[in-house]
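By the count of UniProt numbering, the sequence shown reaches residue 118 at its end, each step adding exactly one.
In this text, a Cβ means the ideal position worked out from N, Cα and C, and glycines have one as well.
All of these numbers come straight from a predicted model, not from anything done at the bench.
Reviewing the structure listed below.
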Amino acid sequence: MISAKLACQGVAHIITDPQMPQGMLVHNVKQDNKKIHWSEQGETVVRQKQKPQFTIKPRALQVVENEPARFECAVIGNPRPKVTWYINGNQALHGHRYKLNYDGLHYLTISNCRISDA
Numbered sequence: 001m002i003s004a005k006l007a008c009q010g011v012a013h014i015i016t017d018p019q020m021p022q023g024m025l026v027h028n029v030k031q032d033n034k035k036i037h038w039s040e041q042g043e044t045v046v047r048q049k050q051k052p053q054f055t056i057k058p059r060a061l062q063v064v065e066n067e068p069a070r071f072e073c074a075v076i077g078n079p080r081p082k083v084t085w086y087i088n089g090n091q092a093l094h095g096h097r098y099k100l101n102y103d104g105l106h107y108l109t110i111s112n113c114r115i116s117d118a
């Protein structure tokens, strides 16, 4: 069994108390001057900032009215980009008609498409 501990304080820092069973690989994270340092078994790698870039761009779809539509995209960057979907200039929020999912790809699923969604 793997357990974790979360502690919140008013100071910007990361708690790195190991929670992994002995013998399992542990990644340590240290933040210093707005750069993140990752270390694995004593090696330190500085991850440089990288502007967001689509690796899979959203594509336009043709959908029959009252049928579902599923849009997908993938984005890389450092820090990790946040994906926000918009329909006709309004942010699509997860709810009854709009489903937002992430499994390595970002998805927007619209159930029962309407002409006003175009």
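- In this structure, the beta-carbon distance from Trp85 to Leu100 falls below 8 Å.
- Between Glu72 and Cys113, the gap from beta carbon to beta carbon reaches 8 Å or more.
- Contact between Ala118 and Leu108 does not hold, since the beta-carbon distance rounds to 14 Å and is not under 8 Å.
- Judged by DSSP secondary structure, His106 falls within the beta strand (DSSP E) whose first and last residues are His106 to Ile110.
- Judged by DSSP secondary structure, Ile56 falls within the beta strand (DSSP E) whose first and last residues are Gln50 to Ile56.
- Contact between Thr55 and Ile76 holds: their C-beta atoms lie close to 6 Å from each other, under 8 Å.
- Under DSSP, Ile115 forms no beta bridge with any residue.
- Per DSSP, the beta-bridge partners of Lys99 are Thr109.
- Gln62 carries a coil assignment under DSSP once its states are collapsed to helix, strand and coil.
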